[in-house]
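A.B. asks: Residue numbers (UniProt numbering), protein chains in the order written: chain A, 1 to 485; chain B, 1 to 284.
Don't be surprised by glycine CBs; every beta carbon is placed ideally from N, CA and C.
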Amino acid sequence: MKKLTQHNAPVHEALEKHRLNRVVPFDVPGHKGGRGNEELTEFLGERCLKVDVNSMKPLDNLCHPVSVIKDAQELAAEAFGANSAFFIVNGTTAAVQAMVMSTCKAGDKIIMPRNVHRSAINALVVCGAIPVYINPGVNKELGIPLGMRIEDVKNAIKKHPDAKAILVNNPTYYGICSNLKEIVSLAHENNMKVLVDEAHGTHFYFGEDMPISGMAAGADMAAVSMHKTGGSLTQSSILLCGEAMNEDYVRQVINLTQTTSGSYLLLTSLDITRKNLYLNGKEIFRKTVEFAEYARAEINKLGGYYAFSSELIDNDAVFDFDKTKLSIHTRDIGLAGIEVYDILRDEYGIQIEFGDIGNVLAIISAGDRAFEIERLIGSLSEIKRLYSKDKAGMFDHEYINPEVVLTPQKAFYSEQKSLLLEDSVDQICGEFVMCYPPGIPILAPGERITEDIINYIKYAKDKGCFLTGTQDMNVEHINVVVEVE
Amino acid sequence: MELWFTEQHTKDVNFSIRVEKQLYSSQSDFQKIDIFDTKEFGKILTLDGYIMVTEKDEFIYHDMITHVPMATNPNIKKVLVIGAGDGGTIRELTRYSTIEQIDMVEIDPMVVSACQEYIPQTACKLTDERVHIYYEDGLKFVRTKNNEYDLVIVDSTDPFGPGEGLFTKEFYGNCYNALTEDGILVNQHESTFYDEYVATMQRAHKRIKELFPVVGVYQAHIPTYPSGHWLFGFASKKYDPIKDFHADQWNQLGLITKYYNTDLHVGAFAVPNYVKELLEDVKQ
Numbered sequence: 001m002k003k004l005t006q007h008n009a010p011v012h013e014a015l016e017k018h019r020l021n022r023v024v025p026f027d028v029p030g031h032k033g034g035r036g037n038e039e040l041t042e043f044l045g046e047r048c049l050k051v052d053v054n055s056m057k058p059l060d061n062l063c064h065p066v067s068v069i070k071d072a073q074e075l076a077a078e079a080f081g082a083n084s085a086f087f088i089v090n091g092t093t094a095a096v097q098a099m100v101m102s103t104c105k106a107g108d109k110i111i112m113p114r115n116v117h118r119s120a121i122n123a124l125v126v127c128g129a130i131p132v133y134i135n136p137g138v139n140k141e142l143g144i145p146l147g148m149r150i151e152d153v154k155n156a157i158k159k160h161p162d163a164k165a166i167l168v169n170n171p172t173y174y175g176i177c178s179n180l181k182e183i184v185s186l187a188h189e190n191n192m193k194v195l196v197d198e199a200h201g202t203h204f205y206f207g208e209d210m211p212i213s214g215m216a217a218g219a220d221m222a223a224v225s226m227h228k229t230g231g232s233l234t235q236s237s238i239l240l241c242g243e244a245m246n247e248d249y250v251r252q253v254i255n256l257t258q259t260t261s262g263s264y265l266l267l268t269s270l271d272i273t274r275k276n277l278y279l280n281g282k283e284i285f286r287k288t289v290e291f292a293e294y295a296r297a298e299i300n301k302l303g304g305y306y307a308f309s310s311e312l313i314d315n316d317a318v319f320d321f322d323k324t325k326l327s328i329h330t331r332d333i334g335l336a337g338i339e340v341y342d343i344l345r346d347e348y349g350i351q352i353e354f355g356d357i358g359n360v361l362a363i364i365s366a367g368d369r370a371f372e373i374e375r376l377i378g379s380l381s382e383i384k385r386l387y388s389k390d391k392a393g394m395f396d397h398e399y400i401n402p403e404v405v406l407t408p409q410k411a412f413y414s415e416q417k418s419l420l421l422e423d424s425v426d427q428i429c430g431e432f433v434m435c436y437p438p439g440i441p442i443l444a445p446g447e448r449i450t451e452d453i454i455n456y457i458k459y460a461k462d463k464g465c466f467l468t469g470t471q472d473m474n475v476e477h478i479n480v481v482v483e484v485e
Numbered sequence: 001m002e003l004w005f006t007e008q009h010t011k012d013v014n015f016s017i018r019v020e021k022q023l024y025s026s027q028s029d030f031q032k033i034d035i036f037d038t039k040e041f042g043k044i045l046t047l048d049g050y051i052m053v054t055e056k057d058e059f060i061y062h063d064m065i066t067h068v069p070m071a072t073n074p075n076i077k078k079v080l081v082i083g084a085g086d087g088g089t090i091r092e093l094t095r096y097s098t099i100e101q102i103d104m105v106e107i108d109p110m111v112v113s114a115c116q117e118y119i120p121q122t123a124c125k126l127t128d129e130r131v132h133i134y135y136e137d138g139l140k141f142v143r144t145k146n147n148e149y150d151l152v153i154v155d156s157t158d159p160f161g162p163g164e165g166l167f168t169k170e171f172y173g174n175c176y177n178a179l180t181e182d183g184i185l186v187n188q189h190e191s192t193f194y195d196e197y198v199a200t201m202q203r204a205h206k207r208i209k210e211l212f213p214v215v216g217v218y219q220a221h222i223p224t225y226p227s228g229h230w231l232f233g234f235a236s237k238k239y240d241p242i243k244d245f246h247a248d249q250w251n252q253l254g255l256i257t258k259y260y261n262t263d264l265h266v267g268a269f270a271v272p273n274y275v276k277e278l279l280e281d282v283k284q
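1. Give me the Cα-Cα distance between threonine 6 of chain B and proline 226 of chain B, rounded to the nearest whole angstrom.
2. Taking C-beta pairs closer than 7 Å, name the residues in chain B that isoleucine 176 of chain A reaches, listed in chain order.
3. Tell me the DSSP secondary structure of phenylalanine 319 of chain A in three-state form.
4. Residue range of the beta strand (DSSP E) that glycine 88 of chain B falls in?
5. Which runs of the alpha helix (DSSP H) fall wholly inside the region 419–453 of chain A and span at least 4 residues, in chain order?
6. In whole angstroms, what separates the C-alpha of glutamate 422 of chain A from that of valine 481 of chain A?
7. Run down chain B in chain order and give the residues with a C-beta less than 8 Å from the C-beta of tyrosine 348 of chain A.
8. Residues of the region 360–371 of chain A in Cβ contact with chain B at a cutoff of 8 Å, in chain order, please.
9. Spell out a yes or no on whether the region 68–83 of chain B and the region 96–112 of chain B are touching, meaning 3 or more CB-CB pairs, one atom from each, closer than 8 Å.
10. Mind listing the chain B neighbours of arginine 375 of chain A? Cutoff is C-beta to C-beta under 7 Å, in chain order.
11. Helix, strand or coil for histidine 227 of chain A? Go by DSSP, reduced to three states.
12. Under 9 Å, Cβ to Cβ, is there at least one residue of chain B near serine 381 of chain A?
13. Which class does cysteine 124 of chain B belong to by DSSP, given the choice of helix, strand or coil?
14. So that I know if they touch, is there some Cβ in chain A lying closer than 9 Å to that of glycine 42 of chain B?
15. Which residues, in order along the region 417–443 of chain A, keep a beta-carbon less than 8 Å from a beta-carbon of chain B?
16. For valine 112 of chain B, does the three-state DSSP call read helix, strand or coil?
17. For alanine 244 of chain A, which option in A/Ile238, A/Ala222, A/Ile254, A/Gly230 has the closest C-alpha, if you only look at C-alpha atoms?
18. Looking at the unbroken beta strand (DSSP E) that takes in phenylalanine 15 of chain B, where does it start and where does it end?
19. In angstroms with no decimal places, state the Cα-to-Cα distance between lysine 391 of chain A and serine 178 of chain A.
20. At least one CB of chain A closer than 9 Å to the CB of arginine 143 of chain B: is that the case?
21. Have a look at B/Ile35, B/Gly163, B/Lys11 and flag the residue whose alpha-carbon is nearest the alpha-carbon of alanine 114 of chain B.
22. At 3 residues or longer, what runs of the beta strand (DSSP E) sit wholly inside the region 95–176 of chain A?
23. Using only the alpha-carbon positions, how far apart do lysine 57 of chain A and phenylalanine 86 of chain A sit?
24. Please state whether the Cβ-Cβ distance between threonine 200 of chain B and phenylalanine 167 of chain B is less than 9 Å.
25. Determine the burial state of valine 168 of chain A: buried for a count of at least 16 other Cβ atoms within 10 Å of its Cβ, exposed for fewer.
26. Run through DSSP, which three-state label would glutamine 235 of chain A get?
27. Which residues mark the beginning and the end of the alpha helix (DSSP H) in which threonine 5 of chain A is found?
28. Would you mind stating whether leucine 326 of chain A and arginine 296 of chain A have Cβ atoms separated by less than 9 Å?
29. Run through DSSP, which three-state label would asparagine 359 of chain A get?
30. Alpha carbon to alpha carbon, how far is isoleucine 119 of chain B from glutamate 55 of chain B?
31. Along chain B, which residues have their Cβ under 7 Å away from the Cβ of glycine 378 of chain A?
32. Taking only three categories from DSSP, how would you classify isoleucine 184 of chain B?
33. Check whether the region 133–148 of chain A touches the region 283–303 of chain A, counting contact only when three or more Cβ pairs, one atom from each stretch, lie closer than 8 Å.
34. Is the distance from the Cβ of phenylalanine 285 of chain A to the Cβ of phenylalanine 206 of chain A below 9 Å?
Structure below.
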């Protein structure tokens, strides 16, 4: 058999063959190539529906891959410089959970920065592992959480030598990277695994002059959101494993929660995207950085805004910066990031990734066009001219260090009662509260609720952030743990 | 043999001109540029397959986009023209000796050089010493200007493709900022006859209305543009195109024009009822 290369896309090729074979379908899905659902077919296109098929012999099976999916995953592993790779169709959330659950069992400790995505803490609720939080550094001027300081990692390891793993954001939503290589060597010296959340770091594997990727740094596992900056379909993701991981065990863990009906639309998109990034990634991300750097320079010329970049690097809490990210600090024009986010969408027809208290983030990619970048810059200049106000009284920080009283699992499954937000001071939180995006919990199950935190939640709500996580859809009440004496 | 150029005006309506000869064809960084020689319309310039200029009817468009604001405020000294790579708008402006400076911002240098070579009828005055050509994005250029121009003319392509940014709220806002306190903005305002153009025209009108105290729409009949019925937007910070109209002063200039005259100036602002209704709809 001919050896497969990065020019192949095995799942894509098998689907193409299947499509041309005109096999008569007496299996699911019931829309049967779209004929059973006219309106959907009209909307999504017949080609799309024709390849929305179920696993079958020539197309392999995601739960137990032996042919084309196996081949495609091996090519992905090679492209990412990993020992093995898994296609994930339940979002990077599933990949993060698989990392935690592959390395930690109930009662095991895991070291992580508190500014992780909710998916990591979700995993702790599910598997019962205990978080050891490292306070990320905070940039006072921007009010954003940074990376983990090496000194803090060392201290956490010393205090918790029995921890099983360390989880690292590479990069954070804002584009900030920790000293991953050093963290890997510290962890491995102490028999801990390193898990890297690379939801926003796909391009580290393919672009030039990028911060180091998880696999290149020697990490044990990495969750890579191909759909975020790589170009695959929403919800598709890749889980990478290094040499020290037992890939067969990892597959079992993935199969605990992943669907048995993996979407071939998502799988093919991963396969084709991997091929495209391997072959064209350098050019794609060169163009992305060029757009982002141009926009940053022009936005900084407008005055009032601060589009930050590699000048933040301090070789510690900001070890490196991802220059493809266009994060802009807006507080100096007297507007919360979320307000700028809303004005951009409602008044100027521009949708950006998120706005929080002090910043907005625009995702730049090779799919952007120069005049659209100009529109963004032009709109920001107008927003400054028409909406800017005095910045007095504005909240100046994004991040509040929580006090962890109970493990997330214990708190989540405790008896709980519902209280008005303002009546919940000093109680132990039983659920999540977060702004989405970015999906980093303000409160996680098991954490002490403080006045400061409630003020922050109210301020975020008032400014128009989309708050999620609580059972109360209006986020007016919060479930707290009923403490038994 | 017969060779025809066809532009799709809508999905179900074609507009065709018989072509004698294709003179030029090139793909720039921004668009496909073609120049044809035709019997009926003379030389025609198309961008991405859409007619921009024909020698036969360009005078209508260029008269109306320049003389209406110039007759409203005869003291205009400094003008910014965005787009206008064919040079027709510049040609008309250079006829006013009172204008001291004309800045032209065109994104695509290849359009200018092609027109200079093949359509000198419009491009003939681009070398006038008052004219400064900047090859850059219009939105970017205007963003950096403040209280500088007495008149901004947006001589853009359609609101898709490279001209898309010139129909946006941020662009009109940046233009407002670039204008002096008695500044006027005139823009190519599309057409309302075919349904698919209506929303764009209404959106553009709405955005301009939100920014400028004086806003009007006027019309002209341009045979080679979809439906032949074309609109221009007039917006200003102070001058009303009818109340502040200086007809006598303009007539004394003795400019010879083939389409524009001072009676037509007033009449052009009297738009048909269906256009009025569409503009009214915007207000609500």
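C.D. replies: Once the coordinates are examined:
1. Taking the straight line from one Cα to the other gives about 12 Å.
2. For isoleucine 176 of chain A, no chain B residue has a C-beta closer than 7 Å to its own C-beta; the minimum C-beta separation is roughly 29 Å.
3. coil
4. Careful: glycine 88 of chain B lies outside any beta strand (DSSP E), inside the alpha helix (DSSP H) at 88–93.
5. none
6. 16 Å
7. Thr168, Lys169, Glu170
8. Ala370, Phe371
9. yes
10. The answer, in chain order, is Leu139, Gly165, Thr168, Glu170.
11. helix
12. yes
13. In the three-state reduction of the DSSP assignment, cysteine 124 of chain B falls in the coil class, being assigned neither a helical nor a strand state.
14. no
15. none
16. When secondary structure is reduced to three states using DSSP, valine 112 of chain B falls in the helix class.
17. Among A/Ile238, A/Ala222, A/Ile254, A/Gly230, the Cα nearest to that of alanine 244 of chain A belongs to A/Ala222.
18. 13–27
19. 31 Å
20. It does; some Cβ of chain A falls within 9 Å.
21. B/Ile35
22. 109–113, 130–134, 165–169
23. 19 Å
24. yes
25. Flag for valine 168 of chain A reads buried.
26. coil
27. Unbroken run through threonine 5 of chain A: none, as it is neither H nor E.
28. Their beta carbons are under 9 Å apart, which means leucine 326 of chain A touches arginine 296 of chain A by this criterion.
29. strand
30. 8 Å
31. Leu139, Arg143, Glu170, Phe171, Asn174
32. strand
33. no
34. yes
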